[in-house]
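In what follows, a structure is listed as structure tokens, so that the remarks can point back to it.
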Amino acid sequence: MLNAEERRRWRREYVDGFLAQLRLQRDALAPSTQKCLDQWARQVKLVADQPSSNFGNVVLELCKAVESELASGLGTIRGLEFLARGTLGEKAHALKGITAFDDATTQRISSQGIKPDFVKSGLADSLKQLASLRSDTGSAHGNAQLQSASPQHADRARLLTGQILKGIVRVSRGKSK
Amino acid sequence: MNVLVVCTGNTCRSPMAAGLLKRLAQSKGLAIEARSAGLAPHIGQRVAENAAKAMAELGIDISGELSKKVTPDLVRWADLVVTVQQEHADYFAEDFPEATSKLRCLQPDVPDPYCGPLAEYRQVRDILKDLLLRFIESLGGTMISSRAPE
Chain A
0 MLNAEERRRW
10 RREYVDGFLA
20 QLRLQRDALA
30 PSTQKCLDQW
40 ARQVKLVADQ
50 PSSNFGNVVL
60 ELCKAVESEL
70 ASGLGTIRGL
80 EFLARGTLGE
90 KAHALKGITA
100 FDDATTQRIS
110 SQGIKPDFVK
120 SGLADSLKQL
130 ASLRSDTGSA
140 HGNAQLQSAS
150 PQHADRARLL
160 TGQILKGIVR
170 VSRGKSK
Chain U
0 MNVLVVCTGN
10 TCRSPMAAGL
20 LKRLAQSKGL
30 AIEARSAGLA
40 PHIGQRVAEN
50 AAKAMAELGI
60 DISGELSKKV
70 TPDLVRWADL
80 VVTVQQEHAD
90 YFAEDFPEAT
100 SKLRCLQPDV
110 PDPYCGPLAE
120 YRQVRDILKD
130 LLLRFIESLG
140 GTMISSRAPE
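Listed in order, the protein sequences are those of chains A and U. Residue 0 is where the first sequence starts when you use numbering that gives the first Met the number 0, and the numbers rise one by one after that. Residue 0 is where the second sequence starts when you use numbering that gives the first Met the number 0, and the numbers rise one by one after that.
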């Protein structure tokens, strides 16, 4: 039995543990992303050891965290504004459509401490896979609950979110461990 | 009095508890209406087969119950919200802070029998029955208008 403060601490430690695996620190993430991850931990706590649960909201909060980080990081770079809007699938599709970044865009990405190679190659695939885990509710940044998701979906979403965050977090905003 | 019973998936514990509560209230001539819902359900899923079997042994039919999510409308409908786990009560209180005064936790941790054998469901059914009898006693009759037993 945990009181409100202990629950907040549990969530914070859970998120910090996740970020530590990625060698990221909390303050490297946008505040809105941190809030999404806090909500993710809250959903995890609810369904932990409850196999009859729908893990949809666990997946959804991870998707929101990725959307948030894209919107406040890469999506602010000229030429990559499409990453700040639309569904995860649309972002992946648009990114796939870019055959090569021009020098200026590459420079702008690099200047934020982000590897252009990941943005060009790995990001679109990871976004596409994450999008496929999310039952599309027709809402771009959907607040609606997912139809249905299993613990395996949640594990996969965690892995993909980790890969994405590790690749897109702006090092200049915080320190990488 | 309207009572909403809440668990996580709304396929085992809460539909069993709601079915039991209706039966117990009926046998005592108490005007209690019970419904159930989940905090993270697969919406529209049928109640677990063994839950329905365990309840059928007491002559209570919950086989037609489909899982539902806790919604603001359901919370407004309820005079009391009963949880079978402290975690549920805590989570509910964060989502519906305006309804915390309605919350009652039957026990900090009624085990989730999901996918377990029938014996496990029977065990949980019996735990719930005892807890609900105590719950009804705790209401003291002051909040429930009596009606003639059917």
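Ideal placement from N, C-alpha and C gives every residue a C-beta, glycine not left out. None of the values given here were measured: they were computed from a predicted structure.
At a CB-CB cut-off below 7 Å, which residues of chain A make contact with U:A204?
Nothing about residue 204 of chain U can be read from this structure; chain U reaches only from 0 to 149.
The segment 91-115 of chain U: which residues have C-beta closer than 8 Å to a C-beta of chain A, in chain order?
Here the close residues are E93, P107, D111, Y113, C114.
Using only the alpha-carbon positions, how far apart do A:L79 and A:F117 sit?
The straight-line gap from Cα to Cα measures roughly 14 Å.
Round the Cβ separation of U:H87 and U:L38 to the nearest angstrom and send it over; I've been treating them as touching at under 8 Å.
Going by Cβ atoms, the distance from U:H87 to U:L38 rounds to 6 Å, so yes, they are a contact pair.
Helix, strand or coil for A:E5? Go by DSSP, reduced to three states.
It is helical.
Taking U:T7 as the query, report the chain A residues whose CB atoms sit under 8 Å from its CB, ordered along the chain.
Within chain A, the residues near U:T7 are L45, V46, Q49, S51, S52.
For U:A47 and A:A91, I'd like the C-alpha separation in whole angstroms.
One C-alpha to the other measures close to 39 Å.
Indicate whether A:I163 and A:L122 have their beta-carbon atoms separated by less than 8 Å.
Contact: yes.
Return the first residue and the last residue of the beta strand (DSSP E) that U:R124 is part of.
From DSSP, U:R124 is part of no beta strand (DSSP E) but of the alpha helix (DSSP H) over 117-138.
Are the Cβ atoms of A:C35 and A:A64 separated by less than 8 Å?
Against a cut-off of 8 Å, the Cβ pair of A:A64 and A:C35 comes out as a contact.
Classify A:Q106: buried if its beta carbon has 16 or more other beta carbons within 10 angstroms, exposed otherwise.
Classification of A:Q106: exposed, given that the 10 Å Cβ count is below 16.
Taking U:P112 and U:C6 to be in contact with their CB atoms under 8 Å, please state how far apart those CB atoms are, rounded to whole angstroms.
Not really, about 11 Å apart at Cβ, beyond 8 Å.
Show which residues of chain U have a CB atom less than 7 Å away from the CB atom of A:S147.
In chain order: H41.
If you measure beta-carbon to beta-carbon, which residues of the segment 2-25 of chain A are closer than 7 Å to chain U?
Flagged, chain order: R6.
Give me, in chain order, the residues of the same chain whose beta-carbon lies closer than 8 Å to that of A:Q20; leave out the 5 immediate sequence neighbours on both sides.
For A:Q20, where only same-chain residues beyond five positions count, the Cβ hits under 8 Å are G161.
Using a Cβ cut-off of 8 Å, which residues of the segment 51-81 of chain U contact any Cβ in chain A, in chain order?
So the list reads K68, given in the order they occur along the chain.
Any beta carbon from chain U within less than 8 Å of A:G141's own beta carbon?
Residue placement at A:G141 is flagged as unreliable, the pLDDT there being 44, under the threshold of 50; a coordinate-derived value is accordingly withheld.
Where do the N-terminal and C-terminal ends of the alpha helix (DSSP H) with A:L164 fall, by residue?
150-167 is the span of the alpha helix (DSSP H), which, as asked, contains A:L164.
What does U:E86 reach in chain A if we use C-beta pairs closer than 8 Å?
Under the 8 Å cutoff, chain A gives K44, L45.
Measuring straight from C-alpha to C-alpha, what distance separates U:A17 and U:D72?
When rounded, the distance between both Cα atoms is 18 Å.
Quick one: which chain A residues come within Cβ less than 7 Å of U:D125?
Chain A residues near U:D125: none, gap ~19 Å exceeds 7 Å.
As a quick exercise: from A:L129, A:A103, A:G96, A:A130, pick the residue whose alpha carbon is nearest that of A:S120.
It is A:G96.
Sorted by chain position, which residues of the same chain lie with C-beta nearer than 7 Å to U:I126's C-beta, five sequence neighbours on each side aside?
Once the five neighbours on either side are set aside, the close Cβ partners of U:I126 are V109.
Are there 16 or more other CB atoms within 10 angstroms of the CB of A:N2, so buried, or fewer, so exposed?
So A:N2 ends up on the exposed side.
Check whether the Cβ atoms of A:L23 and A:K165 lie closer than 8 Å to each other.
Cβ distance < 8 Å, so A:L23 and A:K165 count as in contact.
Near A:D154, what residues of its chain come up, given a Cβ to Cβ distance below 8 Å and the 5 sequence neighbours on each side ignored?
Within the same chain, A:D154 has no close Cβ partners at all.
If I measure Cβ to Cβ from A:V14 and keep anything under 6 Å in the same chain, skipping five residues before and after, which residues do I get?
The residues are L36, A40.
Look up U:A33 in the DSSP assignment and say whether it is helix, strand or coil.
The answer is strand: DSSP assigns U:A33 an E or B state.
Measure the C-alpha to C-alpha separation of U:K101 and A:E89 and round it to an integer number of angstroms.
Each residue's alpha carbon lies about 43 Å from the other.
What separation, rounded to the nearest whole angstrom, lies between the Cα atoms of U:P96 and A:I108?
Taking the straight line from one Cα to the other gives about 43 Å.
Give the single residue among A:P30, A:F54, A:T104 whose Cα lies nearest to the Cα of A:R157.
Answer by Cα proximity: A:F54.
Verify the CB distance criterion: does U:D89 have a CB-CB separation below 8 Å to chain A?
Chain A contact via Cβ: present.
What are the complete alpha helix (DSSP H) segments, minimum 4 residues, inside the segment 71-115 of chain U?
Runs found: 71-76, 85-94.
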